[in-house]
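A.B. asks:
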Amino acid sequence: MELQAEAGGAAKALSVVLRDATAVQRYYMPNIKGGGVLVETPNLLPIGTEVLLMITLPDGQPRAPVMGKVVWVTPPDNREGRPPAIGVQFVNDRSGVLIRIQNALSGLPRNDGEVLSF
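Note that the numbering used here numbers the sequence shown so that position 116 is 1552, with each residue one more than the last.
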């Protein structure tokens, strides 16, 4: 599995593992102001919930913590047949996760679009 999420108690901690650049491109949400990731999980959280993401990227560096906020929910019974997921906007990226994601994507085609502000 390219991405794993585990809800952890009241702290709302999620572990996210992006194993390669393709996974980073698939789950990174560049159209959210400040960046964010889509986290496939059966443990859906309400919009506005603050979470601590522990993100592992394919750059060989240790996993990094970044605070986030749920800004998107894909329910299990969605019309597109996609897995249940939450979109998490980075709120306080002190560990440089966004820069590391952008570096992982630097050799791949860009997907420019409107930046969404939540």
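The beta-carbon is built from N, C-alpha and C at its ideal position, and this holds for glycine as well.
Let's test the definition: count the other Cβ atoms within 10 Å of the Cβ of Ile1522 and tell me whether it reaches 16, buried, or not, exposed.
C.D. replies: Buried, because 16 or more other Cβ atoms sit within 10 Å of the Cβ of Ile1522.
A.B. asks: Would Gly1504 be called buried (16 or more neighbouring beta carbons within 10 Å of its own) or exposed?
C.D. replies: The residue in question, Gly1504, is buried, as its Cβ has 16 or more Cβ neighbours within 10 Å.
A.B. asks: Just the Cα atoms here: how many angstroms apart are Pro1501 and Gln1525?
C.D. replies: Spanning the two alpha carbons is a distance of roughly 13 angstroms.
A.B. asks: Looking only at its own chain, which residues have a Cβ that is under 7 angstroms from the Cβ of Ser1531, when we skip the five neighbours before and after it?
C.D. replies: Contacts found: Ala1500, Pro1501 and Val1502.
A.B. asks: Ends of the alpha helix (DSSP H) at Ile1537?
C.D. replies: Start and end: Val1533 to Leu1541.
A.B. asks: Considering only the beta carbon of each residue, do Val1487 and Leu1454 sit closer than 7 angstroms?
C.D. replies: No; because the gap between Cβ atoms is not below 7 angstroms, this pair is not in contact.
A.B. asks: With a Cβ-Cβ cutoff of 7 angstroms, do Gln1461 and Leu1534 count as a contact?
C.D. replies: No, the Cβ-Cβ distance between Gln1461 and Leu1534 is not below 7 angstroms.
A.B. asks: Taking 6 angstroms as the limit between beta carbons, can you name the residues of its chain near Asn1471, skipping five residues before and five after?
C.D. replies: First, the residue type needs correcting, since residue 1471 is Gly and not Asn in the sequence shown. Counting only Cβ-Cβ distances below 6 angstroms, and skipping sequence neighbours, we find Phe1526 and Leu1534.
A.B. asks: Here's a check: name, in chain order, each residue in its chain whose Cβ is nearer than 8 angstroms to the Cβ of Met1406, leaving out the five neighbours to either side.
C.D. replies: Since the first residue shown for the chain is 1437 and the last is 1554, residue 1406 is missing from the structure and cannot be characterised.
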